[in-house]
Amino acid sequence: MPFVIITRDKPGHHDLRDQYQTPHKAYLDEHKAILLAAGAMLNDDGSHAHGGILIVDVKTRAEAEDFVKNDPFAAAGLFEGVEITRWRKAFFGFERLVDL
1432 MPFVIITRDK PGHHDLRDQY QTPHKAYLDE HKAILLAAGA MLNDDGSHAH
1482 GGILIVDVKT RAEAEDFVKN DPFAAAGLFE GVEITRWRKA FFGFERLVDL
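Counting in my numbering, the sequence shown runs from 1432 upward without gaps.
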């Protein structure tokens, strides 16, 4: 069942995000079998990220919690908050997302 995970970075921690970007991406790559979508939330001019959105397909909330808890960003203390909620697809414009 799909869960949306919304992470919010601690203010002023852009350097920590930059420092752990490579291990974070490797972690996502290792778990792409459960990832439906993943990406950073950006400020309006796109100059820096302040959190992320992930959609994972797992059996339980506990699995979604474990997934985000083991993310290198979380282990480094980047997140100020994490929200996890079940998700039901009403529409998904995959064809449009590929070109963004």
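The beta carbon of each residue, even a glycine, is placed where N, CA and C say it ideally should be.
Where does F1504 sit, in a helix, a strand or coil, going by DSSP? helix
Contact under 8 Å by Cβ, R1439 with G1470: no
Rounded to whole angstroms, what's the CA-CA distance from L1466 to I1484? Just pull it up for me. 11 Å
Beta carbon of L1447 nearer than 8 Å to that of L1509: yes
Beta carbon of A1468, beta carbon of I1486: below 8 Å? yes
Keeping to the same chain, check which residues put their C-beta closer than 6 Å to that of T1516; ignore five residues upstream and five downstream. V1435
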